[in-house]
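**Q** What follows is a structure written as structure tokens; I'll ask about it next.
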Amino acid sequence: MSDILIDTADGVMTLTLNRVDKKNAFTQAMYGTCADALAQAASDPAIRTVVLQGHLTVFSAGNDIGDFLTRAPSTQDSPVFRFLRGLAQFPKPLIAAVCGPAVGIGTTLLFHCDLVYAGDNAAFSMPFVNLGLCPEAASSLLVPQMMGYHRAAEALLLGEPFMAEAALEVGLVNRIVPPTEANAVAQAQARKLAAKPLAALVETKRLMKKGQMAQVLSAMAEEGESFGRMLQEPAAREAFTAFMDKRKPDFSQV
Ligand code: COA
């Protein structure tokens, strides 16, 4: 079975992360599939909205750490960067349903969604510093903007997780629901949107986003340069090797 399930019905394209045995960690192939699906959804007039969902126990453990070691993104055309630009520039409504852990890009992608519904078990984290890395997906811009600088510093410098209630309070999440209902709520909202005039949705979203689109894309590109360099540095190599070896990282030498 594919690691990304794609289903289209009633004007709604649903992308389901389906690699639950690896906590829905994203591989380069999964980013590529999602990027292609978003491009198709953007251009197909029969698709009016996209839902991104995981499993009721886990949304995503972020980038696959084995992939970071062996297939790190090397250029701005890498699947992960295509996916991120596709998300940021996606012209139609984008809805996420999040249950369980949402780590790294599992959280940062949500800042590009229009509506987010969270199970009460959702746990968001952006532990880039703990991995010897820096923010991605324009999160260095969007996280302080949405959460305020000091809460952003806890999330991005300390890498501290925050739960569904905190995400609701800062406005990252629209509503908290029982995990068994999160995907259904997202689907119901998607169908409401799909029944509305598409041109009005697209123009409204464009107007809401246009003020800082250039900044978002510029932040993504600058973060991407730093992230790509830091992936090769000793701190990140130690963090990834430690994760694969199921031990605590030792940063005393870096
Ligand atoms: N990359 C690759 N494999 C991953 C992964 C990742 N990001 N996250 C989890 N896995 C794998 C584990 O290695 C394990 O594989 P195994 O069964 O072959 O040993 C399996 O998924 C289950 O993970 P486990 O850690 O046992 O599950 P858990 O429920 O105890 O914890 C998480 C879930 C998400 C909290 C934890 O897996 C985690 O912290 N993952 C890493 C997150 C991360 O740092 N991502 C990178 C962000 S940039």
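Numbering-wise (this note's numbering), the sequence shown opens with residue -10 and increments by one.
Idealized CB from N, CA, C, for every residue including glycine.
These numbers come from a predicted model, not from an experiment.
Give the straight-line distance between the Cα atoms of L206 and A86, rounded to the nearest whole angstrom.
**A** Translated into positions along the sequence shown, residue 206 becomes position 217. Translated into positions along the sequence shown, residue 86 becomes position 97. Taking the straight line joining both Cα atoms gives about 24 Å.
**Q** Please specify which runs of the alpha helix (DSSP H), each continuous and at least 4 residues long, are wholly inside the region -5 to 72, giving them in chain order.
**A** 17 to 32 and 54 to 59
**Q** For ligand 1, list every residue whose C-beta falls under 5 Å from any of its heavy atoms, going in chain order.
**A** K11, K12, A14, A50, G51, N52, D53, I54, P90, V92 and G93
**Q** Identify, in the order they occur along the chain, each residue of the same chain with its Cβ nearer than 8 Å to the Cβ of F79, setting aside the five sequence neighbours on each side.
**A** Mapped onto the sequence shown, residue 79 falls at position 90. L27, A30, A31, V39 and H101, listed in sequence order.
**Q** Suppose you measure from the CA of P223 to the CA of G93; what does that come to, to the nearest Å?
**A** As a position in the sequence shown, residue 223 is number 234, starting the count at 1. As a position in the sequence shown, residue 93 is number 104, starting the count at 1. Each residue's alpha carbon lies about 20 Å from the other.
**Q** Helix, strand or coil for S114? Go by DSSP, reduced to three states.
**A** Translated into positions along the sequence shown, residue 114 becomes position 125. If DSSP states are grouped into helix, strand and coil, S114 belongs with the strands.
**Q** Using a Cβ distance threshold of 8 Å, determine whether the region 186 to 197 contacts the region 115 to 130, with at least three qualifying pairs required.
**A** no
**Q** Express the C-alpha separation of S128 and T275 in angstroms, rounding to a whole number.
**A** The chain is shown from -10 up to 243; residue 275 falls before or after that span and cannot be answered.
**Q** Out of D109, Q178 and G148, point me to the one whose CA is closest to R37's CA.
**A** If you number the sequence shown from 1, residue 37 lands on position 48. Nearest option by C-alpha distance: Q178.
**Q** Going by beta-carbon coordinates alone, are A175 and I54 separated by less than 9 Å?
**A** The residue given as residue 175 occupies position 186 in the sequence shown. The residue given as residue 54 occupies position 65 in the sequence shown. In this structure, I54 does not lie closer than 9 Å to A175 by Cβ.
**Q** If G89 and N110 are in contact, beta carbons under 8 Å, what's the gap, nearest whole angstrom?
**A** Taking the sequence shown and counting its residues from 1, one reaches residue 89 at position 100. Taking the sequence shown and counting its residues from 1, one reaches residue 110 at position 121. Distance from G89 to N110 at the Cβ level is roughly 5 Å; contact confirmed, criterion being Cβ atoms closer than 8 Å.
**Q** Which one of Q17, D103 and K81 has the shortest CA to CA distance from T64?
**A** Taking the sequence shown and counting its residues from 1, the one referred to as residue 64 is at position 75. Closest by alpha carbon: Q17.
**Q** When you compare the CB positions of L161 and V69, do they come within less than 9 Å of one another, or not?
**A** Within the sequence shown, the letter at position 172 stands for residue 161. Within the sequence shown, the letter at position 80 stands for residue 69. In this structure, V69 does not lie closer than 9 Å to L161 by Cβ.
**Q** How big is the Cα-Cα spacing for G95 and M2?
**A** In the sequence shown, residue 95 corresponds to position 106, counting from 1. In the sequence shown, residue 2 corresponds to position 13, counting from 1. Their Cα atoms are separated by approximately 19 Å.
**Q** Fully enclosed by the region 77 to 161, which beta strand (DSSP E) runs are 3 residues long or longer?
**A** 83 to 87, 90 to 92, 104 to 108 and 112 to 114
**Q** Go to V243, then tell me how far its beta strand (DSSP E) extends in each direction, as first and last residue.
**A** If you number the sequence shown from 1, residue 243 lands on position 254. Run containing V243: none; DSSP gives neither H nor E here.
**Q** Considering only heavy atoms of ligand 2, does any lie closer than 8 Å to the CB of F48?
**A** With respect to ligand 2, the structure shown offers nothing to examine, as its ligands consist of ligand 1.
**Q** Which residues bound the beta strand (DSSP E) around R236?
**A** Here residue 236 is taken as the residue at index 247 of the sequence shown, counted from 1. For R236, there is no enclosing beta strand (DSSP E), as DSSP marks it with neither H nor E.
**Q** Which same chain residues end up closer than 6 Å to G0 when comparing Cβ atoms and leaving out the 5 residues on each side of it in sequence?
**A** Taking the sequence shown and counting its residues from 1, the one referred to as residue 0 is at position 11. Around G0: R37 and A183.
**Q** Rounding to the nearest angstrom, what Cα-Cα distance links G51 and L187 in this structure?
**A** Within the sequence shown, numbered from 1, the residue matching residue 51 stands at position 62. Within the sequence shown, numbered from 1, the residue matching residue 187 stands at position 198. Using only the alpha carbons, I get a separation of about 32 Å.
**Q** Measure the Cβ-Cβ separation of F57 and A173 and say whether it is below 9 Å.
**A** Position 68 of the sequence shown holds residue 57. Position 184 of the sequence shown holds residue 173. Result no, Cβ atoms of F57 and A173 do not sit closer than 9 Å.
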